[in-house]
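Numbering of the sequence shown is given in the working numbering, commencing with residue 67 and proceeding in unit increments.
Ideal placement from N, C-alpha and C gives every residue a C-beta, glycine not left out.
First the structure, in the form of structure tokens, and then the observations on it.
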Amino acid sequence: MKILLGLTMACAVFGFAHAEQRIGSVSTNFHLIGPNDKVVVERFDDPKVPQVSCYASFAQTGGVSGGLGVATDPSRFALSCVAHGAFSIPADLPKREEMGAISASFLFKHFIINRLVDRDDKTLVYVLISTKVLHGSPANAVSAVPATQ
Numbered sequence: 067m068k069i070l071l072g073l074t075m076a077c078a079v080f081g082f083a084h085a086e087q088r089i090g091s092v093s094t095n096f097h098l099i100g101p102n103d104k105v106v107v108e109r110f111d112d113p114k115v116p117q118v119s120c121y122a123s124f125a126q127t128g129g130v131s132g133g134l135g136v137a138t139d140p141s142r143f144a145l146s147c148v149a150h151g152a153f154s155i156p157a158d159l160p161k162r163e164e165m166g167a168i169s170a171s172f173l174f175k176h177f178i179i180n181r182l183v184d185r186d187d188k189t190l191v192y193v194l195i196s197t198k199v200l201h202g203s204p205a206n207a208v209s210a211v212p213a214t215q
């Protein structure tokens with residue numbers, strides 16, 4: 067419950083809930099009643115490094131429960147980040163920072179994207195995790211974008 071409260075406050079204060087843009091979706095399983103199961107792709111633009119965008123894909127449950135917004139989506143997702151131009155890592159960029167969250171169930175599960183800075187190799191590392199723990203650790207995906215300057 068503390069995680070949910072923290073996410074809600076972060077979204078309210080920093081506007082992270084609106085940081086993503088839905089790119090589209092692909093239907094994966096037909097449901098006679100309610101929306102189909104699908105894979106959804108959303109883009110997160112890094113607010114502090116505007117030349118970098120991350121694309122997250124994740125499963126979204128359909129059917130009646132999915133249509134009503136009460137289904138819990140599975141913790142299966144992928145992440146790919148790209149640079150849209152030359153960039154350098156800002157000197158004041160924190161070593162770790164949460165960039166945004168995607169709701170994956172009515173109350174209990176979110177996918178959270180974090181940015182890590184590897185100053186030695188001049189690389190930004192983006193990590194997408196699930197807040198729901200599976201078999202002792204959260205599901206995760208990682209993508210790295212090297213600085214060009």
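**Request:** Taking 7 Å as the cut-off, decide whether the C-beta atoms of I155 and A167 are in contact.
**Result:** no
**Item:** Contact check, F124 vs V106, beta carbons under 7 Å
**Value:** yes
**Asked** What's the C-alpha gap between P113 and M165?
**Response** 8 Å
**Request:** Round the Cβ separation of F153 and Q215 to the nearest angstrom and send it over; I've been treating them as touching at under 8 Å.
**Result:** 7 Å
**Item:** Cβ neighbour criterion (16 or more within 10 Å) applied to H176
**Value:** buried
**Request:** Buried or exposed for T94, please, with buried defined as at least 16 other CB atoms from any protein chain shown within 10 angstroms of its CB.
**Result:** exposed
**Proximity test, Cβ basis, 7 Å: S91 and chain D** = Included in the structure is just one protein chain, with no chain D present.
**Request:** Please report how far the alpha carbon of P160 lies from the alpha carbon of L190, in whole angstroms.
**Result:** 11 Å
**Asked** Which whole-angstrom value describes the C-beta separation of A210 and S196, a residue pair presumed to lie in contact below a C-beta threshold of 8 Å?
**Response** That belief does not hold up - the Cβ atoms of A210 and S196 are roughly 20 Å apart, past 8 Å.
**Message:** Please report the straight-line C-alpha distance between L194 and L98, rounded to a whole angstrom.
**Reply:** 32 Å
**Cα-Cα separation between A213 and Q117, rounded to whole angstroms** = 10 Å
**Request:** Between the Cα of L145 and those of G128, R181 and T127, spot the shortest distance and give me the residue it belongs to.
**Result:** R181
**Request:** From the DSSP output, in three-state form, read off F124 for me.
**Result:** strand
**Item:** V183 versus N102 - alpha carbon distance
**Value:** 38 Å
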